[in-house]
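Trainee:
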Amino acid sequence: MKMKVLHVINSLDTGGAERLLLETIPLYNKKGIKTDLLLLNGKETPFLLTLKSMNCCNIYSLNSKAYNPLNVFRMISFLRKYDIAHVHLFPSQYWIVLAKIFSFSKIKIVVTEHNTT
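Residue numbers (the working numbering): 1 to 117.
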């Protein structure tokens, strides 16, 4: 069975974590790792448009503000569909952990802390 990974990030605005996802998601899928993306805020940005044009993954959006605590409950349905959630940036990192707790999901969570200075 193919491993399924969901990357979670606030948005695909311009930044280092966002660039990392733009460049690596297509590579994961080429290597046979099913990789999709969940955005808290799915506003159209150059990085998002570029990733969409590659047609390499499913892109989901909660169409919400990053600091909205209801994101916890909106994320729960996604946790059941993936083996691993790889989370980037605050506050996505907190919301995904709370969603896992409330859903009793067995998903593994990987948190990457990007530049904090």
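Cβ coordinates follow ideal geometry from the N, Cα and C atoms, glycine included. Bear in mind that the values here come from a model prediction, so they are computed numbers and not experimental data.
By alpha-carbon positions, which one of SER103, LYS2, GLY15 and ILE9 ends up nearest to TYR67?
Mentor: ILE9
Trainee: For LYS100, which of helix, strand or coil comes out of DSSP?
Mentor: helix
Trainee: May I ask which residues mark the beginning and end of the alpha helix (DSSP H) holding LEU48?
Mentor: 46-54
Trainee: Which whole-angstrom value describes the C-beta separation of LYS34 and MET3, a residue pair presumed to lie in contact below a C-beta threshold of 8 Å?
Mentor: 7 Å
Trainee: In angstroms with no decimal places, state the Cα-to-Cα distance between SER105 and THR112.
Mentor: 20 Å
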